[in-house]
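J.:
Number of protein chains: 2
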Amino acid sequence: MNDLKIPVTADIASAYEKIKPYVHKTPVLSSSLLNKMFSAELYFKCENFQKVGAFKFRGAANAVLSLSEEELSRGLVTHSSGNHAAALSLAAKMRGAKAYIVMPSNSPEVKKRAVAGYGAEIRYCEPNLRAREDTANEIIKETGAAFIHAYDNFNVICGQGTTGLELVWEYPDLDIVIGPVGGGGLMSGISIAVKGLSSDIKVYGAEPLGADDAYRSLKSGRHITHHKPDTIADGLLTTLSKRTFTILSENLDDIFTVTEESIIECMRLIWERMKIIVEPSSAVTLAVIAENPALFRNRKVGLVLSGGNVDLGNLPF
Amino acid sequence: MNDLKIPVTADIASAYEKIKPYVHKTPVLSSSLLNKMFSAELYFKCENFQKVGAFKFRGAANAVLSLSEEELSRGLVTHSSGNHAAALSLAAKMRGAKAYIVMPSNSPEVKKRAVAGYGAEIRYCEPNLRAREDTANEIIKETGAAFIHAYDNFNVICGQGTTGLELVWEYPDLDIVIGPVGGGGLMSGISIAVKGLSSDIKVYGAEPLGADDAYRSLKSGRHITHHKPDTIADGLLTTLSKRTFTILSENLDDIFTVTEESIIECMRLIWERMKIIVEPSSAVTLAVIAENPALFRNRKVGLVLSGGNVDLGNLPF
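Protein chains in written order, with the working numbering: chain U, 1 to 317; chain A, 1001 to 1317.
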């Protein structure tokens, strides 16, 4: 795929064919209690059940499967302390390629162990973006490894978009699809997929008020990259890239911010009522409905639960 | 059904036909990570996704659906502070009947709220079995309500057994089915169902070492009712009844006890690896495998996860 051309639904369908043998087709769950509570039909797309516990494996798998054997032989590199790091490590392992993961030295032990467990080589750096990029660049110079950005990469975006294909194929009559926005890779892919399948379905983004760069960017029409995120939703700390800003500007029908209180309350609701474990970044979707009930009343809403990787020893309730 | 005649598989199939429109057909989940960890094929039957968050709704529904309109008009009564209380309340509501639930006055607020939320009338009593039975008897005298014991009742046992039917219909080539034993209603029903469908499948019980009355009863051949349970698995504090002792003596291939440490560790494993919420009573099943790995190596094992009702503010990790 030409990396300068914005993907279309067919590109996401191609990604789906490519990654299908390797990813889980995740279930879509409902809760009659939550439906009653919000007077809406809610369909939760459970990427917390995806491999590595997050949708990130779809994008990483598509990126890795799009490389030639020759490229793979030189390895893969990314900088991430989160789900993308684990996802790329597993995707690399799956194809017998070496993965170099640049992680801030202060990353939680549990994340270091997960990445190491998939056989990746970890390179530690100072906990700032500059140090991460510099360390990744050193590895590229040294090894010729292919850099796979967590979201500013069209193959990654197409992989994430397969979440939207599966959801709308299973529930074609949704009125709304809503998902979390961090760097914007997930909702870029999903919005392309959903809009391509049905122009009737509205696609909304959900963002913590404490990390509202996408909200400010999309509402102002200017790509804002400066922000100091402060939220429990640790998967949504990153800012839009030029690619994701362009796609989301075009495709999102609206974007909403939610408070930390709503995120924690909705995370607890999902745990207690649905008996599934989701990370705070997943709960921003239900939080939008909780904060704007009239907008969703009597509507069929698909909610994308991005992942379920939480530190059980450090819960907010 | 004659209450003196031990049920057979056909009775459980009848129960299934009766309750099918009202219960969830719960999913059976697998985890490649757990399979690898234990060198076995593990199939988790997820009753944590059942209505009221536990298998108990199956038995309560079958009991309520087995009563005549005339009996229902006088109401239902039980004593329970746990999942059976919520299950019977919902089953009664479903048929427009009144439920009287006798609960110890020191029951957790969350359980009182759940039962009240289903429209049941709560009668509080002192926290001991004698007071519970006396209070229930007073209600019966006063109202003529039908008493539905949590497990010493063949209609309840047949309802719980439908869990086993669903599991073995979906996975007929299991080598072993293992489930938790408290009062023994669940495993009485499941063992009848499974043995009726296939005499090749072994059926094992799992019990906390701190509440091992069933282990001691079944190993000694004498029905032991005196015990002082001390375990985090709060669904498994009760003792076998004469009915469940008789059925389990006949049907269980073996019973295992597990330590509190194993229960907590396996509960955490299920939460972290499978991203689902299960209560400690569910985790005793995986704990048996963790404590006896050689017995289960390379076997196909069905594990019954009994429920997912936990106090998120009071977790053991």
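Backbone N, C-alpha and C define an ideal beta-carbon position, used for all residues, glycine too.
1) Quick check on this structure: which residue in U:SER81, U:LYS45, U:SER306 has the alpha carbon closest to the alpha carbon of GLU170 of chain U?
2) Per DSSP, ARG1123 of chain A is paired with what?
3) Measure the alpha-carbon distance for ARG1390 of chain A versus HIS1084 of chain A and round it to whole angstroms.
4) Would you please verify whether the beta carbon of PHE44 of chain U is less than 7 Å from any beta carbon of chain A?
5) Check the Cβ of PHE1317 of chain A against every Cβ in chain U and list those closer than 8 Å, keeping chain order.
6) In angstroms with no decimal places, state the Cα-to-Cα distance between ILE1201 of chain A and ARG1299 of chain A.
7) DSSP three-state label for HIS79 of chain U, please.
8) If you draw a straight line from the C-alpha of GLU1265 of chain A to the C-alpha of ALA1287 of chain A, how long is it?
9) List, in order along the chain, the chain A residues whose C-beta lies closer than 9 Å to that of ARG268 of chain U?
10) Can you tell me whether DSSP reads ASN1002 of chain A as helix, strand or coil?
11) Are the CB atoms of LEU179 of chain U and VAL304 of chain U nearer to each other than 7 Å?
12) At a Cβ threshold of 7 Å, is ILE276 of chain U touching chain A?
13) Closer than 7 Å by beta-carbon distance: list the chain U residues that pair up with PHE1049 of chain A, in chain order.
14) What does TRP1271 of chain A touch in chain C if you count any residue whose Cβ is under 7 Å from its own?
15) Per DSSP, which one or two residues make a beta bridge with PRO180 of chain U?
16) Taking 7 Å as the threshold (C-beta atoms), are TYR1043 of chain A and VAL1023 of chain A in contact?
17) Any chance you could list the beta strand (DSSP E) runs of at least 3 consecutive residues sitting entirely within the stretch 1223-1263 of chain A, in chain order?
18) I want to see whether chain U comes within less than 7 Å of GLY1308 of chain A, judged by CB atoms only; does it?
19) Who does ILE19 of chain U pair with in a DSSP beta bridge?
20) Between MET1001 of chain A and SER1281 of chain A, what straight-line distance do the alpha-carbon atoms span, to the nearest angstrom?
21) Identify whether GLY1161 of chain A lies in helix, strand or coil by the three-state DSSP scheme.
22) Straight-line CA distance for PRO316 of chain U to GLY308 of chain U?
23) So what does DSSP say about TYR1043 of chain A, is it helix, strand or coil?
24) Going by C-alpha to C-alpha distance, which of A:SER1066, A:PRO1108, A:LEU1065 sits closest to ASP1311 of chain A?
25) Per the contact definition of three or more C-beta pairs closer than 8 Å, is the stretch 1061-1074 of chain A in contact with the stretch 1148-1168 of chain A?
26) May I ask you to list, following chain order, the residues of the stretch 52-68 of chain U that have a beta carbon less than 8 Å from some beta carbon of chain A?
27) Leaving out five residues on either side along the sequence, give the residues of the same chain with a beta carbon under 6 Å from the beta carbon of GLY1119 of chain A.
28) Bridge partners of GLY1307 of chain A, per DSSP?
29) Using CA atoms only, rank isn't needed, just tell me which of U:SER89, U:ASN128, U:LEU129, U:ARG95 is closest to LYS111 of chain U.
30) Quick one: is ALA1010 of chain A buried, meaning 16 or more other Cβ sit within 10 Å of its Cβ, or exposed?
31) When the Cβ atoms of the stretch 1200-1215 of chain A are set against those of the stretch 1223-1231 of chain A, are three or more pairs found closer than 8 Å?
32) Buried or exposed: SER1188 of chain A, going by 16 or more other Cβ atoms within 10 Å of its Cβ?
33) How do the stretch 1115-1130 of chain A and the stretch 1095-1106 of chain A stand: do at least 3 beta-carbon pairs fall below 8 Å, yes or no?
34) What's the C-alpha gap between LEU72 of chain U and LYS20 of chain U?
35) Which of the three DSSP states, helix, strand or coil, is assigned to LYS1112 of chain A?
T.: With the given structure in hand:
1) Along the first sequence, read from residue 1 onward, the residue named residue 170 of chain U stands at position 170. That would be U:LYS45, whose Cα lies nearest to the Cα of GLU170 of chain U.
2) Taking the second sequence and counting its residues from 1, one reaches residue 1123 of chain A at position 123. DSSP output for ARG1123 of chain A lists A:VAL1102 as bridge partner(s).
3) Residue 1390 of chain A falls outside the range modelled here, since chain A spans only 1001 to 1317, and no answer is possible.
4) One-based indexing of the first sequence puts residue 44 of chain U at position 44. No, PHE44 of chain U lies away from the interface with chain A (no Cβ there is under 7 Å from its Cβ).
5) The sequence position of residue 1317 of chain A within the second sequence is 317, counting from 1. Per Cβ cutoff of 8 Å: LEU312, GLY313.
6) Position 201 of the second sequence, counted from the start, is the residue given in the question as residue 1201 of chain A. Position 299 of the second sequence, counted from the start, is the residue given in the question as residue 1299 of chain A. Cα to Cα, ILE1201 of chain A sits roughly 11 Å from ARG1299 of chain A.
7) As a position in the first sequence, residue 79 of chain U is number 79, starting the count at 1. Strand at HIS79 of chain U.
8) In the second sequence, residue 1265 of chain A corresponds to position 265, counting from 1. In the second sequence, residue 1287 of chain A corresponds to position 287, counting from 1. Approximately 8 Å, taken between the alpha carbons.
9) Position 268 of the first sequence, counting from 1, holds the residue named residue 268 of chain U. What ARG268 of chain U touches in chain A: LEU1312.
10) Within the second sequence, the letter at position 2 stands for residue 1002 of chain A. Confidence at ASN1002 of chain A is low in this model, with a pLDDT of 45, below 50, so its placement is unreliable and the value that follows should be read with caution. In the structure shown, ASN1002 of chain A sits in coil (DSSP, three-state: anything other than H, G, I, E or B).
11) As a working mapping, residue 179 of chain U is identified with position 179 in the first sequence. As a working mapping, residue 304 of chain U is identified with position 304 in the first sequence. The question names Leu, but residue 179 of chain U in the sequence shown is Gly. Result yes, Cβ atoms of GLY179 of chain U and VAL304 of chain U sit closer than 7 Å.
12) If you number the first sequence from 1, residue 276 of chain U lands on position 276. Yes, ILE276 of chain U counts as interfacial toward chain A.
13) To locate residue 1049 of chain A, count along the second sequence from 1; it is residue 49. Under the 7 Å cutoff, chain U gives LYS275.
14) Protein chains in the displayed structure are U and A, and chain C is not among them.
15) Residue numbering aside, residue 180 of chain U sits at position 180 when the first sequence is read from its first letter. As DSSP reads the structure, PRO180 of chain U sits in a beta bridge with U:ALA206.
16) Residue mapping note: residue 1023 of chain A aligns to position 23 of the second sequence, counting from 1. Residue mapping note: residue 1043 of chain A aligns to position 43 of the second sequence, counting from 1. No, Cβ-Cβ distance for VAL1023 of chain A and TYR1043 of chain A is not below 7 Å.
17) 1254-1258
18) Start at 1 with the first residue of the second sequence, and residue 1308 of chain A comes out as number 308. Judged by the 7 Å Cβ criterion, GLY1308 of chain A is in contact with chain U.
19) Walking along the first sequence from the start, residue 19 of chain U turns up at place 19. Answer is none; ILE19 of chain U lacks a bridge partner.
20) As a working mapping, residue 1001 of chain A is identified with position 1 in the second sequence. As a working mapping, residue 1281 of chain A is identified with position 281 in the second sequence. Because MET1001 of chain A sits at a pLDDT of 46, beneath the cut-off of 50, its placement in the model cannot be relied upon, and the point is left open.
21) Position 161 of the second sequence, counted from the start, is the residue given in the question as residue 1161 of chain A. Three-state DSSP puts GLY1161 of chain A in a helix.
22) Position 316 of the first sequence, counted from the start, is the residue given in the question as residue 316 of chain U. Position 308 of the first sequence, counted from the start, is the residue given in the question as residue 308 of chain U. Taking the straight line from one Cα to the other gives about 14 Å.
23) Counting from one through the second sequence, the residue named residue 1043 of chain A turns up at place 43. In the structure shown, TYR1043 of chain A sits in a strand (DSSP, three-state: E or B).
24) If you number the second sequence from 1, residue 1311 of chain A lands on position 311. Out of A:SER1066, A:PRO1108, A:LEU1065, A:PRO1108 has the C-alpha closest to the C-alpha of ASP1311 of chain A.
25) yes
26) GLY53
27) Looking up residue 1119 of chain A in the second sequence gives position 119. Excluding positions up to five away in sequence, the list reads LYS1093.
28) Counting from 1 along the second sequence, the entry for residue 1307 of chain A is found at position 307. For GLY1307 of chain A, which the question treats as bridged, DSSP gives the partners A:ALA1054.
29) The count along the first sequence starts at 1 and reaches residue 111 of chain U at position 111. Here the closest residue by C-alpha is U:SER89.
30) By one-based count along the second sequence, residue 1010 of chain A stands at place 10. By the 10 Å Cβ count, ALA1010 of chain A comes out exposed.
31) yes
32) The sequence position of residue 1188 of chain A within the second sequence is 188, counting from 1. Buried is the call here.
33) yes
34) Counting from one through the first sequence, the residue named residue 72 of chain U turns up at place 72. Counting from one through the first sequence, the residue named residue 20 of chain U turns up at place 20. Whole-angstrom Cα-Cα distance: 20 Å.
35) Taking the second sequence and counting its residues from 1, the one referred to as residue 1112 of chain A is at position 112. Correct three-state label for LYS1112 of chain A: helix.
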